[in-house]
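J.: Top to bottom, those sequences are chains C and Z. Per this note's numbering, numbering through the first sequence is continuous, rising by one, with the last residue being 211. Per this note's numbering, numbering through the second sequence is continuous, rising by one, with the last residue being 296.
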Amino acid sequence: MDKLKIISWVLFIVSIGSILFALIFNPASWIVYTIALVSIPVSVLSFGIVGMAKGNKDDEEGKRREPFIGY
Amino acid sequence: MNLMLNILLNVFIAFFIGSILIGLQRKIMARIQGRPGPPVIQHLLHTLKFFIKESAFPKTAAMPFYVAITAMLFVIWVAAVIDGPVTEGSLLLIFAIYTIQKIGEHNAGSSSGSPYGKMSCVRAVYSAAAEVPLFAVLIIIYLKAGTMNISSIINYQSIHGPLLFTIPLAAIMFFVLILSKSQYSPFAITKGKDIVSGYETEHFGLLRGYLMISESIAWYMLLWVFLTVFLGPLSLPAYLIGMVVLSAIVAFINAVTPILNPNHSVMMQVSFAFIGIAGSIVLLMI
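(1) Since W229(Z) and I38(Z) should fall inside the 8 Å C-beta cutoff, what is the C-beta to C-beta distance between them, to a whole number of angstroms?
(2) Can you tell which of P46(Z), G252(Z), W234(Z) and R36(Z) has the C-alpha that lies nearest to the C-alpha of V21(Z)?
(3) Check the Cβ-Cβ distances between L185(C) and every residue of chain Z, and say whether any is below 8 Å.
(4) Could you check how far apart the C-beta atoms of S130(Z) and G219(Z) are, in whole angstroms? I think they sit under 8 Å.
(5) What residues of chain C sit near I223(Z), judged by a beta carbon separation below 8 Å?
(6) Would Q279(Z) and F145(Z) qualify as a contact pair, given that the criterion is a beta-carbon distance under 8 Å?
(7) Below 8 Å, how does it come out for the segment 63-80 of chain Z and the segment 113-129 of chain Z: are there three or more Cβ pairs, yes or no?
(8) Kindly indicate which three-state DSSP category L64(Z) falls into: helix, strand or coil?
(9) Just the C-alpha distance for A181(Z) and V184(C), rounded to the nearest angstrom, thanks.
(10) Using a Cβ-Cβ distance under 8 Å, would I107(Z) count as near chain C?
(11) If we cut at 8 Å on Cβ distances, does L177(C) have a partner in chain Z?
(12) For V206(Z), tell me which candidate among K128(Z), A66(Z) and L237(Z) has the shortest Cα-Cα distance.
(13) Would you say the segment 157-176 of chain C touches the segment 11-29 of chain Z, given that touching needs at least three Cβ pairs under 8 Å?
(14) Alpha carbon to alpha carbon, what distance is there between I27(Z) and S155(C)?
(15) Can you have a look at N271(Z) and say buried or exposed, based on whether 16 or more other CB atoms are within 10 angstroms of its CB?
(16) Is it right to say S65(Z) is buried, meaning 16 or more other beta carbons lie within 10 angstroms of its own, or is it exposed?
(17) Where DSSP assigns a beta bridge to A193(C), which residues make up the other side?
(18) Quick one: give me the first and last residue of the alpha helix (DSSP H) that V266(Z) is part of.
(19) According to DSSP, simplified to helix, strand and coil, what is S100(Z)?
(20) So, using beta-carbon positions, are A193(C) and K63(Z) closer together than 8 Å?
(21) Can you grab the Cα-Cα spacing for the pair K59(Z) / G215(Z), in whole Å?
(22) Tell whether a beta-carbon distance below 8 Å holds between L221(Z) and E212(Z).
(23) At what residues does the alpha helix (DSSP H) containing L151(C) begin and finish?
(24) Whole angstroms are fine: how far does the CA of Q43(Z) sit from the CA of I305(Z)?
(25) Distance cutoff 8 Å, beta carbons only. Does I153(C) sit that close to anything in chain Z?
(26) Let me make sure I understand the geometry here. Which of A134(Z), G286(Z), L293(Z) and M295(Z) has the alpha-carbon closest to that of V147(Z)?
(27) For the pair the segment 169-181 of chain Z and the segment 245-260 of chain Z, tell me if three or more CB-CB distances fall below 8 Å.
(28) Check whether chain Z comes within 8 Å of G157(C), counting only Cβ atoms and requiring the distance to be less than that.
(29) Rounded to the nearest angstrom, how far is the Cβ of Q167(Z) from that of G242(Z), given a contact under 8 Å?
(30) Against chain Z, does S148(C) count as a neighbour if the rule is that its beta carbon must be under 8 Å from one of theirs?
(31) Please decide whether G14(Z) counts as near chain C, where near means a Cβ-Cβ distance under 8 Å.
(32) For K191(Z) and I86(Z), what's the separation of their Cα atoms in angstroms?
(33) Specify whether the segment 91-110 of chain Z and the segment 46-59 of chain Z touch according to this definition: at least 3 beta carbon pairs, one from each stretch, less than 8 Å apart.
Here it is in structure tokens:
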């Protein structure tokens, strides 16, 4: 598993955990706002990175040999 | 209701209804142009589809900024939902959020390394010069209602009637702002097809889906703010009807109007802003 996937899994678990914490324990409003602002976007993004399809290993080389490498 | 549950529900509703309304807009545009058009749920399906598509990050992208900027756009729209439907807080915060969105568009374009993104990034700064004056509508609302607090504005309207009838030019200015933020709008120069998809060109796969969630929430919030600030206390069905009607009007205008070039777009919006501000002040003095 690459570094990006590991970080995404950790962020996903932490963000879902913090949302559940706010749902169950109903802390002070400012804590809930902070959790909502950070955890909702992070959970969606990390879920996306964890679930996204990866390119075929064989195609990887072809992509790297692409002569047009940037602007 | 539990505050977190309230926020989650509102964010989901904003995303879901926003997606459907954008889909509806495309459908209406297509029918006006004599095409069958995509299904109404197409935008929603696209958003979900992008999450399972193969994603890659371009070599030219400025990492981690390239990813972080998409998260920033999502954060500001969650903040808008909290400040709007959840707490009915300050209208000034909504103004700040729209301004940050312009910065987001600018940075998303510049972080990708694509020339289309960079062109869009320049246009984002350019169009901000036009949209910020349109937001001067807030001053007119403050002069009339004496408050910038959304719940106080709602209370004011429940006593004095909808602001739409007392400051109509301000409502028109805000409508032009809604129009400028819509997809395929004559003012949508940051995402004009002449620059492919503008700042979103190099954000594909998962990140495009992520940006599309922000877009859906943004569209819902624009309509919500318009209906709340100019029509006052509304029931849930009235909000839905209002949003559908506004989206249909925007779709009609977009279907029959070509995208303007950046100069004309900015000058036209500034003209609307000038007429709106000056006219509203004259109306307030009469």
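We treat Cβ as the ideally placed atom computed from N, Cα and C, and that holds for glycine.
T.: Once the coordinates are examined:
(1) To locate residue 229(Z), count along the second sequence from 1; it is residue 219. To locate residue 38(Z), count along the second sequence from 1; it is residue 28. No, W229(Z) and I38(Z) are not in contact; Cβ-Cβ is about 14 Å, not under 8 Å.
(2) The residue you call residue 21(Z) lines up with position 11 of the second sequence. Cα-wise, what sits closest to V21(Z) is W234(Z).
(3) By 1-based counting over the first sequence, the position of residue 185(C) is 45. Closer than 8 Å to some Cβ of chain Z, the Cβ of L185(C) qualifies, so yes.
(4) Indexing the second sequence from 1 puts residue 130(Z) at position 120. Indexing the second sequence from 1 puts residue 219(Z) at position 209. With a Cβ gap of about 19 Å, S130(Z) and G219(Z) do not count as contacting.
(5) Against the second sequence, residue 223(Z) aligns to sequence position 213. V184, listed in chain order.
(6) Residue numbering aside, residue 279(Z) sits at position 269 when the second sequence is read from its first letter. Residue numbering aside, residue 145(Z) sits at position 135 when the second sequence is read from its first letter. Contact: no.
(7) yes
(8) By 1-based counting over the second sequence, the position of residue 64(Z) is 54. First, the amino acid is wrong: residue 64(Z) is Glu here, not Leu. In the structure shown, E64(Z) sits in a strand (DSSP, three-state: E or B).
(9) Here the question's residue 181(Z) lines up with position 171 in the second sequence. Here the question's residue 184(C) lines up with position 44 in the first sequence. Rounded to whole angstroms, A181(Z) to V184(C) spans 35 Å at the Cα level.
(10) Within the second sequence, the letter at position 97 stands for residue 107(Z). Not an interface residue.
(11) Position 37 of the first sequence, counting from 1, holds the residue named residue 177(C). With 8 Å as the cut-off, L177(C) counts as an interface residue toward chain Z.
(12) For the purposes of this step, residue 206(Z) is taken as the residue at position 196 of the second sequence. Here the closest residue by C-alpha is K128(Z).
(13) yes
(14) Your numbering for residue 155(C) matches position 15 in the first sequence. Your numbering for residue 27(Z) matches position 17 in the second sequence. Whole-angstrom Cα-Cα distance: 25 Å.
(15) Residue mapping note: residue 271(Z) aligns to position 261 of the second sequence, counting from 1. Classification for N271(Z): exposed.
(16) Here residue 65(Z) refers to the residue found at position 55 of the second sequence. Buried, since its Cβ has 16 or more Cβ neighbours within 10 Å.
(17) Here residue 193(C) refers to the residue found at position 53 when the first sequence is read from its first residue. BP columns for A193(C) point to E64(Z).
(18) In the second sequence, residue 266(Z) corresponds to position 256, counting from 1. Where V266(Z) is concerned, the enclosing alpha helix (DSSP H) stretches over L246 to V266.
(19) Residue numbering aside, residue 100(Z) sits at position 90 when the second sequence is read from its first letter. S100(Z) falls in the strand class under three-state DSSP.
(20) Counted from its first residue, the first sequence places residue 193(C) at position 53. Counted from its first residue, the second sequence places residue 63(Z) at position 53. Result yes, Cβ atoms of A193(C) and K63(Z) sit closer than 8 Å.
(21) The sequence position of residue 59(Z) within the second sequence is 49, counting from 1. The sequence position of residue 215(Z) within the second sequence is 205, counting from 1. Near 8 Å, if we compare the C-alpha coordinates of G215(Z) and K59(Z).
(22) Taking the second sequence and counting its residues from 1, one reaches residue 221(Z) at position 211. Taking the second sequence and counting its residues from 1, one reaches residue 212(Z) at position 202. L221(Z) places its beta carbon 8 Å or farther from that of E212(Z).
(23) Mapped onto the first sequence, residue 151(C) falls at position 11. That run of the alpha helix (DSSP H) goes K143 to F165.
(24) Nothing in the structure corresponds to residue 305(Z), since chain Z is present only between 11 and 296.
(25) Here residue 153(C) is taken as the residue at index 13 of the first sequence, counted from 1. Chain Z, which has no Cβ nearer than 8 Å to the Cβ of I153(C), makes this no.
(26) For the purposes of this step, residue 147(Z) is taken as the residue at position 137 of the second sequence. Among A134(Z), G286(Z), L293(Z) and M295(Z), the Cα nearest to that of V147(Z) is on G286(Z).
(27) no
(28) Position 17 of the first sequence, counting from 1, holds the residue named residue 157(C). G157(C) does not count as touching chain Z.
(29) Residue mapping note: residue 167(Z) aligns to position 157 of the second sequence, counting from 1. Residue mapping note: residue 242(Z) aligns to position 232 of the second sequence, counting from 1. Q167(Z) to G242(Z), Cβ: 3 Å. Contact.
(30) For the purposes of this step, residue 148(C) is taken as residue 8 along the first sequence, with counting starting at 1. Answer no: the Cβ-Cβ gap between S148(C) and chain Z never drops below 8 Å.
(31) For the purposes of this step, residue 14(Z) is identified with residue 4 of the second sequence, where counting begins at 1. Reading off the sequence shown, one finds Met at residue 14(Z), where the question assumed Gly. Interface residue, yes.
(32) Indexing the second sequence from 1 puts residue 191(Z) at position 181. Indexing the second sequence from 1 puts residue 86(Z) at position 76. K191(Z) and I86(Z): Cα-Cα distance of roughly 16 Å.
(33) no
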